[in-house]
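Written below as structure tokens is the structure these notes are about.
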Amino acid sequence: MDYIRRCMKRALTPLLASMLLVACGSHKFVASTHPNGKPEVVIYMKGKGEDAEKVMEKVYYPNGQLEYVGHFANGVEHGQWSYYYEDGTRKYLETWENGLEHGIHYDYSTDGQVYRELHYDKGKLVKEVDRSKQ
641 MDYIRRCMKR ALTPLLASML LVACGSHKFV ASTHPNGKPE VVIYMKGKGE DAEKVMEKVY
701 YPNGQLEYVG HFANGVEHGQ WSYYYEDGTR KYLETWENGL EHGIHYDYST DGQVYRELHY
761 DKGKLVKEVD RSKQ
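Those letters in the sequence shown? Residues 641 to 774, by the working numbering.
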């Protein structure tokens, strides 16, 4: 369910970002809010008008805690993406290069310990390490 939710947000936020950027000309804006009024998706843009591009996205839980933050370059995921449990403990740490998973991704348990490493090379999973058995 988390994966589907992330994919839907990634698909919808560029459209919302474009519409809101034209409407308000801002570099940072709230693309959507939770029913309680707190921000859900916050988009960061670089440039203005048609030259503006999305450079970062932050998504929040209804309680205001950061759910994830990710960076973009040329319209695709690039750089570090960090995901968190609702209590603020790190959940995942991913690295992207030009829209492809690249490098080592870490999965964290709720107690903050790394339980799995996923090694990627330009979008291909090349190695998985189960650290929970060590």
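Just so it is clear, CB atoms sit at the ideal spot from N, CA and C, and this is done for glycine as well.
Between V699 and E707, the C-beta spacing is below 9 Å. If the five residues before and after E768 are omitted, its C-beta is found closer than 6 Å to the C-beta atoms of L758, all from its own chain and listed in chain order.
Minimum Cα-Cα distance from P679 among the listed residues Y701, T729, V716 and G715 corresponds to Y701. Every beta strand (DSSP E) of 3 residues or more that sits fully in the stretch 658–724 is shown, in chain order, as 668–673, 679–686, 693–700, 706–713 and 719–724. In this structure, H745 lies away from Y755, with their beta-carbon atoms at least 9 Å apart. Distance from the CA of D747 to the CA of K731, rounded to the nearest whole angstrom, comes to 6 Å.
In the displayed model, K762 falls within coil according to three-state DSSP, outside both helix and strand.
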